[in-house]
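Peer 1: Following this message is one structure expressed as structure tokens.
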Amino acid sequence: MTELVSNRIEASATKLGLPHLAKTLHELARRADTAAMGNLDFLDLILQEELAVKDERRYRAGLRLSKLPHHKTLDDDDFAYQPDLDPRKVRDLSTLVFVQAKANVALLGPPGVGKTHIAVALAVAACRAGFTVYFTTLDDLVRQLKAADAIGWLTRKLRTYLRPHVLVIDGVGYQPLERPEANLVFQVISKRYEKGSTLLTSNKGFGEWGQVFGDEVLATAILDRLLHHCGVVPINGPSYRLKNRLTAIENVA
Ligand code: ADP
Ligand code: MG
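Per the working numbering, the sequence shown starts with residue 25, numbered consecutively.
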């Protein structure tokens, strides 16, 4: 390749928004030579490489914007620790059919059983697959919406929770809500209904949601939208947080 041609390719690639090609042209050309690639294979290699780099960048940016508290995956999950939890159920969810169907997932169980872990892992998988993701705790969602409402910005702030393909609302039930707060949650759930997926974690069974939301009618209205298309994953087992401590105590005893 003459210098003139390679300079021109690099300039064109940059103008076309193909920075990876501009940077790696010579290396790609060497690989094509070594493998005695045909023209079409070489072109395919260039486009695939550029796509992979763009996809990785989009994924990293998506994770940054998602506010996920960590990026654990299902591979980090020791399913054997929760014999009551059917790993197939979680693996099925990880195919993300529910995201395409704009359906919801509720992970229910006592503290430490891995509800947040699984919700985050599914959200990471969704982000990897190109969906937009946003993570919030229920408390923070209510706090943000109340603050926005107080200065007349409720509609604008609601968009944060309505826009993403996947919204994770973590920790439903840790704090009981006042009626106006529960009403803000209802707005999010009802506006997302059949428009986007909501992943919820709760330490309270649905029967207790009346107390959580301070109003049976409002709780029923929320559950009605939420559960119409919803995978429910109950996890009833020991706390993983206590796992090592209990082993340590057993060893001493
Ligand atoms: P919950 O949301 O149910 O209170 P978390 O998802 O926060 O529980 O889990 C508590 C901690 O234990 C986290 O660090 C999580 O990654 C870990 N953990 C929970 N369950 C498992 C599991 N089955 N395998 C591996 N790590 C787990
Ligand atoms: Mg949690």
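In this text, a Cβ means the ideal position worked out from N, Cα and C, and glycines have one as well.
Considering I175, what are the terminal residues of the beta strand (DSSP E) in which it resides?
Peer 2: Residue numbering aside, residue 175 sits at position 151 when the sequence shown is read from its first letter. Unbroken run through I175: none, as it is neither H nor E.
Peer 1: Quick check: the Cα distance between L266 and C254, rounded to an integer number of angstroms?
Peer 2: As a first step, residue 266 is located in the sequence shown; it is residue number 242 there, counting from the start. As a first step, residue 254 is located in the sequence shown; it is residue number 230 there, counting from the start. Approximately 30 Å, taken between the alpha carbons.
Peer 1: Between which two residues does the beta strand (DSSP E) harbouring G255 extend?
Peer 2: One-based indexing of the sequence shown puts residue 255 at position 231. From DSSP, the beta strand (DSSP E) with G255 extends over 254-258.
Peer 1: Around the Cβ of E202, are there at least 16 other Cβ atoms within 10 angstroms (buried) or fewer (exposed)?
Peer 2: The residue given as residue 202 occupies position 178 in the sequence shown. Counting Cβ neighbours within 10 Å, E202 comes out exposed, since fewer than 16 surround it.
Peer 1: Which partner residues of L223 appear in the DSSP bridge assignment?
Peer 2: Residue numbering aside, residue 223 sits at position 199 when the sequence shown is read from its first letter. Bridge partners of L223: V129, V192.
Peer 1: Name the DSSP bridge partner or partners of V157?
Peer 2: Position 133 of the sequence shown, counted from the first residue, corresponds to residue 157. Looking at the DSSP assignment, V157 forms a beta bridge with V190.
Peer 1: In whole angstroms, what separates the C-alpha of I70 from that of K78?
Peer 2: Against the sequence shown, residue 70 aligns to sequence position 46. Against the sequence shown, residue 78 aligns to sequence position 54. Cα to Cα, the separation comes out at about 12 Å.
Peer 1: Flag F210 as yes when its Cβ comes closer than 7 Å to any non-hydrogen atom of the ligand ADP, and as no otherwise.
Peer 2: The count along the sequence shown starts at 1 and reaches residue 210 at position 186. Flag unset: Cβ of F210 not near the ligand ADP.
Peer 1: As a quick exercise: from V209, M61, L89, pick the residue whose alpha carbon is nearest that of H189.
Peer 2: Within the sequence shown, the letter at position 165 stands for residue 189. By alpha-carbon distance to H189, the top candidate from V209, M61, L89 is L89.
Peer 1: What are the start and end residues of the alpha helix (DSSP H) that includes V148?
Peer 2: Taking the first residue of the sequence shown as position 1, residue 148 is located at position 124. Note, V148: alpha helix (DSSP H), 139-152.
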